[in-house]
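Heads up: the structure comes next, in structure tokens.
In structure tokens:
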């Protein structure tokens, strides 16, 4: 089934069930007011949500409304955990190759993961609000999953079964703040501002055969200012599955229902070490940094600038029939002037 | 006023107002069921909580109950943000001195801060549950604040006014996992398992003159297996105030109500570079790692082991009259066998 959160109704918004074609939706206050509350009690709640989903798809839902992506918050407008892996090692190889460094062998067996801020996600159609273009604003198009409760030390089989929902994410990065921040040794903080998630989160069964080995085997379509920028397949070159990423996260602590685990920037090797741009005949990239690394390797220096005020980013994924699965993340870079609740 | 969260009532527990002497408490379902919901709407809710607090202190609260610290969850059993600074540079100086490295000058102007996991805090009297002693279990006794909403780019004056509550925290660290994890460059994740917060969170006004310059000027009393281990003053040698730490956190993003910002391990210089143990006549330390650094500097090698199963840690703070302000964090290290909700 497909779920979304409308912005109305307070800080956690209002949970709606969305039809498969993303045309209609229905609020379900008698079942669960918010997505977090549904996740807190998933086994009891999910069957009831599923019934509403079937009614919506059959056109028999009693209180169906039009579904409008721009009215959505992120499915979890705020979450108790957002941990982002870096499962596509091609991304890491590319970054390292551009600066002439090796990838440590452990990176192929021990996932990279950072803890992100989760108190203030922005909606899928909200601006990427920053105070300065000089921060080096970049998109990172990714896939993310939402988990149920996971015990400490859970293995990959157990963690695969704990995946409740799948969605897309734009993990905005401030590239020019990263080097100085990572140099301090404590990881990302200021360089990772608010992320945005796709309007709709879907249960894995909704993805059919595209969901296997705890990976999502479909192209992630990234558009920049209306031009094709990337369409890497999220199922290819994903060194660590979501099951492995969750197991990594749960090695020394429990994860609680509603934890979001990200894949890291989707990145395909395309038969070479570092892939190539769409202009260069490849599947392109899911972040500007990779294109800039590619340019550095091919041409000696990056040519594509980071995002500027007014630039727009669109991130989406279609099923085999060309239907949008999650709706689109569509964001414009804008100067921050406070934010409405 | 003083607030706590009982474990009963679901994942977010039940908010109670606690009397100043920590003897009685009262649930306030008519005002706010959980601490997060009170923080979400603080300006409206706080005066009503304050009325109940005054009744409790006067002995006239209609439904007062005994307050039992062991029945408490952390004040926010789960939170939307937990970001921990490292504001006591003595701690960093000590770590670096023990390995013969310099502290970069920027560390005195640009705070260290990491994003911690906040989905699964443990209660103040719950075990420190780990799967292996070999992880190198250490306590880190700290002060933390809970904020209201903070806009992006807020200055220290604005952030000081956004401090809603103050509490203590044991930011458990797995020392033997830290070097390999930090080497990967993405910061702490597995090496920082679930933290525990003091039974009671208090508003800054409750601290009187001990709360000034957005610092808490009182000794933090740490006891290890019943023996005095440290009593550093949390107001001394705190290079960055909480107002500065919050401003650092909000530089590139908004912070939402209920964000928890930690001070990092409290650590006093005691007139020297690195302080000394209580045995050595000093105020001691708030984590084992510092004592081990001190031993390394003084004696060539660490002598004190990290925590073992059965070891107990107690963290507390008294006011001028010797009354416990926040109640005590009192945890025993135990083997993880799952956890009851």
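Protein chains in written order, with the numbering used here: chain A, 9 to 349; chain B, 9 to 349.
Backbone N, C-alpha and C define an ideal beta-carbon position, used for all residues, glycine too.
Within chain B, the residues that residue i reaches when beta carbons sit closer than 8 Å
i                      : result
residue 121 of chain A : 194, 197
residue 267 of chain A : 127
Residue i, buried or exposed, once every other Cβ within 10 Å from all chains shown has been counted against 16
i                      : result
residue 305 of chain B : exposed
residue 397 of chain A : Nothing in the structure corresponds to residue 397 of chain A, since chain A is present only between 9 and 349.
residue 220 of chain B : exposed
residue 236 of chain A : exposed
residue 172 of chain B : buried
residue 348 of chain B : Confidence at residue 348 of chain B is low in this model, with a pLDDT of 46, below 50, so the placement of that residue is unreliable and no value is reported for it.
residue 31 of chain A  : exposed
residue 70 of chain A  : exposed
residue 86 of chain B  : buried
residue 288 of chain B : exposed
residue 307 of chain B : exposed
residue 267 of chain A : buried
residue 326 of chain B : exposed
residue 189 of chain A : buried
Where residue i meets chain B, residues with beta-carbon distance less than 7 Å
i                      : result
residue 125 of chain A : 89, 123, 261
residue 48 of chain A  : 19
Local conformation of residue i per DSSP, three classes
i                      : result
residue 122 of chain A : strand
residue 178 of chain B : strand
residue 236 of chain B : strand
residue 200 of chain B : coil
residue 146 of chain B : strand
residue 336 of chain B : coil
residue 343 of chain B : strand
residue 113 of chain A : helix
residue 34 of chain B  : strand
residue 329 of chain A : coil
residue 45 of chain A  : helix
residue 152 of chain B : strand
residue 250 of chain A : helix
residue 311 of chain A : coil
residue 292 of chain A : strand
residue 183 of chain B : helix
residue 349 of chain A : With a pLDDT of only 40 at residue 349 of chain A, under 50, the local geometry of the prediction cannot be trusted, and no value is derived from it.
residue 270 of chain A : strand
residue 217 of chain B : helix
residue 40 of chain A  : coil
residue 255 of chain A : helix
Within chain A, partners of residue i - CB distance below 9 Å
i                      : result
residue 346 of chain B : 159, 160, 262
residue 182 of chain B : 260
residue 190 of chain B : 193, 194, 195
Boundaries of the alpha helix (DSSP H) in which residue i is found, first to last residue
i                      : result
residue 297 of chain B : 296–307
residue 105 of chain A : 97–106
residue 186 of chain A : 186–191
residue 54 of chain A  : 50–66
residue 165 of chain B : 164–169
residue 91 of chain B  : Counting along the chain, residue 91 of chain B falls outside any alpha helix (DSSP H), though it belongs to the beta strand (DSSP E) covering 90–93.
Opening and closing residue of the beta strand (DSSP E) in which residue i lies
i                      : result
residue 22 of chain A  : 22–26
residue 263 of chain B : Unbroken run through residue 263 of chain B: none, as it is neither H nor E.
residue 136 of chain B : 136–138
residue 11 of chain A  : 10–14
residue 1 of chain B   : Coverage of chain B is limited to positions 9 through 349, which leaves residue 1 of chain B absent and any answer about it impossible.
residue 209 of chain A : 208–210
Contact set between residue i and chain A, taken where Cβ atoms lie within less than 7 Å
i                      : result
residue 201 of chain B : 260, 261
Neighbour list for residue i in chain B, Cβ cutoff strictly below 9 Å
i                      : result
residue 139 of chain A : 160, 161, 259, 260
residue 143 of chain A : 260
Partner residues on chain A for residue i, Cβ-Cβ distance less than 8 Å
i                     : result
residue 86 of chain B : 88, 264
Cβ distance (whole Å) where residue i is taken to contact residue j below 8 Å
i                      : j                      : result
residue 204 of chain B : residue 11 of chain B  : Going by Cβ atoms, the distance from residue 204 of chain B to residue 11 of chain B rounds to 17 Å, so no, they are not a contact pair.
residue 179 of chain B : residue 150 of chain B : 6 Å
residue 271 of chain A : residue 152 of chain A : 7 Å
residue 96 of chain B  : residue 275 of chain B : 4 Å
residue 81 of chain B  : residue 38 of chain B  : Contact doesn't hold; Cβ gap of about 21 Å is too wide.
residue 350 of chain A : residue 136 of chain A : The requested residue 350 of chain A is not part of the displayed model; chain A covers only 9 to 349.
residue 170 of chain B : residue 254 of chain B : 7 Å
residue 125 of chain B : residue 202 of chain B : 7 Å
Cβ-heavy atom distance, residue i to the ligand SAH, below 6 Å
i                      : result
residue 144 of chain A : Of the ligands one can find in the structure shown there are none, so the ligand SAH has no counterpart to examine.
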